[in-house]
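Read in the UniProt record's numbering, the sequence shown has 91 at position 91, and its numbers run on one by one without any break.
Quick notes on the structure that follows.
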Amino acid sequence: MLTAQQLSSFRSQLLKRKKELEVQFEENDHYDLQRSHTDSVSELSSYDNHPGDTGSELYEREKDLALNEHDKLELKAIDEALEAMKVGMYGQCAECADEIPIERLEALPTARYCIAHTPDQDVSRHRPVEEQILTPPFGKYNLDEKDENVGYDAEDSWQDVARYGTSDSPSDIENPPGEYENTYTEWDENNGNVESYENFVGVDMDGQTVTVYPNKEHERYEEALDEEGIMTSFGDLPGVEKESYTNSERQQE
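Next comes the structure, spelled out in structure tokens:
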């Protein structure tokens with residue numbers, strides 16, 4: 001049980017904090033929530049303000065609401081603790097009636113529950129669903145380095161958006177492209193595939209018939225093969241990639 005001296009000390013702390021909160025509410029007019037933010041600048045309306053200024057005002061107002069609510073809850077907890085002192089229940093858990101450790105009361109004089117029964121012991125792990133998309137893309141969602149992955153990932157999404165313009169200039173890129181519209185980082189990375197030939201080569205549903213679909217990627221691939229001197233007579237794929245087809249055709253001959 002708490003001694004009379006301990007009760008007196010906690011009561012003094014609670015009354016002091018209560019007075020501080022009441023004076024604060026009176027002086028700052030509940031964080032200026034009793035009036036519109038336009039009152040301080042003598043404006044009838046803020047419709048002509050810059051959107052950035054309006055956004056800042058909204059942020060400050062939301063912060064004031066949160067701080068005001070926090071202080072109101074603290075004031076309510078103080079009143080409940082003082083009431084518990086009057087009825088001789090201060091220092092006892094409101095749920096199980098066990099004594100609340102003195103160390104807990106010293107850290108939180110408004111405590112009305114022991115740690116085992118405090119309603120604030122559960123930490124919510126729920127996060128906004130938007131965070132699944134807003135996670136930094138070049139870590140969790142960069143799939144280019146994974147084997148046999150041709151999925152459209154966040155890096156591909158960035159490349160599609162960057163084609164419409166970024167703040168980069170040709171001097172910002174180590175090996176700038178010939179076309180100014182490709183002036184963005186990793187402009188030459190594959191988009192939605194791992195190997196370049198996957199942009200223009202396809203097979204049937206059984207994975208047997210190989211079909212080449214001519215397009216710009218196909219032309220770039222042929223030019224790259226020509227420069228390396230590795231074009232084959234059996235198609236547009238490198239000899240390593242066409243080895244099985246080459247061997248089968250040689251066996252037929």
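Where a beta carbon is used, it is the ideal one built from N, C-alpha and C, also for glycine.
For residue i, the first and last residue of its enclosing beta strand (DSSP E)
i: G202; result: 201-203
i: residue 254; result: With the chain represented from 1 up to 253, any question about residue 254 goes unanswered, as that position is not in the structure.
C-beta contact flag for residue i and residue j at 8 angstroms
i: D32; j: D71; result: no
i: R125; j: A84; result: no
i: T183; j: I173; result: yes
i: H117; j: N68; result: no
i: Q92; j: E103; result: no
i: L21; j: Y90; result: no
i: Y213; j: Y197; result: no
i: A81; j: T110; result: yes
i: I115; j: L14; result: no
i: L108; j: K18; result: no
i: N10; j: L73; result: Contrary to the premise, residue 10 reads as Phe rather than Asn in this sequence. Their beta carbons are not under 8 angstroms apart, which means F10 does not touch L73 by this criterion.
i: T185; j: D160; result: no
Residue i - DSSP class collapsed to helix/strand/coil
i: R250; result: Residue placement at R250 is flagged as unreliable, the pLDDT there being 45, under the threshold of 50; a coordinate-derived value is accordingly withheld.
i: E99; result: strand
i: Q5; result: helix
i: F138; result: Confidence at F138 is low in this model, with a pLDDT of 46, below 50, so the placement of that residue is unreliable and no value is reported for it.
i: Y197; result: helix
i: Q121; result: coil
i: A162; result: helix
i: I115; result: helix
i: S169; result: coil
i: Y184; result: coil
i: L108; result: coil
i: D206; result: coil
i: D48; result: coil
i: E179; result: coil
i: E174; result: coil
Enclosing alpha helix (DSSP H) for residue i [first to last residue]
i: V129; result: No alpha helix (DSSP H) contains V129, which DSSP labels as neither H nor E.
i: L67; result: 51-86
i: Y221; result: 216-228
i: Y90; result: Counting along the chain, Y90 falls outside any alpha helix (DSSP H), and DSSP gives it neither H nor E.
i: H30; result: 29-32
Contacting residues, own chain, Cβ-Cβ under 7 angstroms from residue i (five flanking each side not counted)
i: K16; result: none
i: R163; result: E181
i: A94; result: R112, Y113
i: S171; result: none
i: A4; result: none
Same chain only: Cβ atoms within 6 angstroms of residue i, ignoring 5 sequence neighbours per side
i: H218; result: F200
i: V23; result: none
i: G202; result: T211
Check: residue i C-beta below 7 angstroms from any heavy atom of the ligand FAD
i: E219; result: Ligands in the displayed structure: none, and consequently the ligand FAD is not present.
Chain-order list of residues whose beta-carbon lies under 8 angstroms from that of residue i (same chain, five-residue window excluded)
i: P177; result: T183, W187, D188
is_contact[residue i, chain C] using C-beta, thresh 8 angstroms
i: E155; result: Judged by its chain identifiers, the structure shown contains no chain C, having just a single protein chain.
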